[in-house]
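Student: Structure incoming, see below.
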Amino acid sequence: MSNGKNITITVTRYRPEQEDEPVEQSYDIEFQDDWVVLDGLNHIKDHIDGSLSFRWSCRMGVCGSCGMTVNGEPKLSCAAFLRDYYPGEVHVEPLQNFPIVRDLIIDMTDFMDKLKAVQPWIMREEEKPVSEGEYLQTPEELKEYKQFSMCINCMLCYAACPVYGLETEFIGPAAIALGHRYNLDSRDEGQERRQHVIASTEGIWECTYIGECSVVCPKDVDPAVAIQRNKVATTGGWFKSVLLPWGKK
220 MSNGKNITIT VTRYRPEQED EPVEQSYDIE FQDDWVVLDG LNHIKDHIDG SLSFRWSCRM
280 GVCGSCGMTV NGEPKLSCAA FLRDYYPGEV HVEPLQNFPI VRDLIIDMTD FMDKLKAVQP
340 WIMREEEKPV SEGEYLQTPE ELKEYKQFSM CINCMLCYAA CPVYGLETEF IGPAAIALGH
400 RYNLDSRDEG QERRQHVIAS TEGIWECTYI GECSVVCPKD VDPAVAIQRN KVATTGGWFK
460 SVLLPWGKK
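Taking this note's numbering, the leading residue of the sequence shown gets 220, the next gets one more, and so forth.
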């Protein structure tokens, strides 16, 4: 039953076989108080314009695939309620700082390459036999890195980062935060292998600590803090190597 309320969703359209550059297209849909932006987009695709393209999967703020720019802010579209914008218009665009593949779909290749470069997995110098059991951790050891393990690779932080927008060589906040997560893991022995990427010119030293990456993070990972902690640790390590006697750490 209609509630008599409508809301306009204006969406970026880019179909490379049709447009030379992105254009906008507006859709009027019935306003539902409990709908999120993703619900509105799915309604458009299912009932108005089946050609609209966008990514989504879980609808629960877990997969990170539905990241979009909503009224100028990087958001998970499954967590942005239409009621927060009503009665105004909702503008939905692809995440900034990434090439557009089609409509609201971005090319993630650069991010995936940089994520792989920091080697975000547990590395051991020697693996013990499975028969010897698991690598156990205390609750305190888990607490050290747990915050940084919450990243869902939604790339909102990259869309918000002015440095990444200007310097595409920058490794970026999420990749550095995930590298930091494994460096803090008591089971890991791969910090030295990650450090040549994390502490490179394109890594932590490119960051100017504006902090927008942490502001938009939907999981409170705080990648800005991860970057600054790495700066402190790297600087401290350099001073120790210079000031302490040879052979001592």
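Positions of the beta carbon are idealized from the N, C-alpha and C atoms, including for glycine.
1. Give me the Cβ distance between Gly269 and Cys373, rounded to the nearest whole Å; I'm assuming they're in contact under 8 Å.
2. What is the rounded straight-line gap between the Cα of Ala445 and the Cα of Ile390?
3. Taking Val478 and Val256 to be in contact with their CB atoms under 8 Å, please state how far apart those CB atoms are, rounded to whole angstroms.
4. Just verifying my parser: in three-state terms, what is the DSSP assignment at Gln356?
5. Name the two residues that bound the continuous beta strand (DSSP E) containing Ile429.
6. Run the CB neighbour count on Trp254, radius 10 Å, all protein chains shown included, and call it buried at 16 or more, exposed below.
7. Could you name the residues of the same chain whose beta carbon sits closer than 8 Å to that of Asn225, not counting the 5 residues immediately before and after it, in chain order?
8. Is Tyr246 helix, strand or coil when you go by DSSP?
9. Take Gly398 as the anchor and find which of Gln366, Glu388 and Cys380 has the nearest alpha-carbon.
10. Which partner residues of Pro313 appear in the DSSP bridge assignment?
Tutor: According to the structure shown:
1. Residue mapping note: residue 269 aligns to position 50 of the sequence shown, counting from 1. Residue mapping note: residue 373 aligns to position 154 of the sequence shown, counting from 1. Rounded, the Cβ-Cβ distance is 26 Å, inconsistent with contact.
2. Translated into the one-based positions of the sequence shown, residue 445 becomes position 226. Translated into the one-based positions of the sequence shown, residue 390 becomes position 171. Roughly 13 Å between the two C-alpha positions.
3. The chain is shown from 220 up to 468; residue 478 falls before or after that span and cannot be answered.
4. Residue 356 sits at position 137 when you count from the first residue of the sequence shown. DSSP places Gln356 in coil when its eight states are reduced to three.
5. Start at 1 with the first residue of the sequence shown, and residue 429 comes out as number 210. Ile429 -> no beta strand (DSSP E), and no H or E assigned at all.
6. Position 35 of the sequence shown, counting from 1, holds the residue named residue 254. Label assigned to Trp254: buried.
7. On the sequence shown, position 6 is the one that residue 225 refers to. Same-chain partners within the cutoff: Asp247, Ile248, Glu249 and Phe250.
8. For the purposes of this step, residue 246 is taken as residue 27 along the sequence shown, with counting starting at 1. In this structure, Tyr246 counts as strand in the three-state DSSP scheme.
9. As a position in the sequence shown, residue 398 is number 179, starting the count at 1. Looking at the Cα atoms, Gln366 is the closest of the given residues.
10. Looking up residue 313 in the sequence shown gives position 94. The beta-bridge partner set that DSSP reports for Pro313 is empty.
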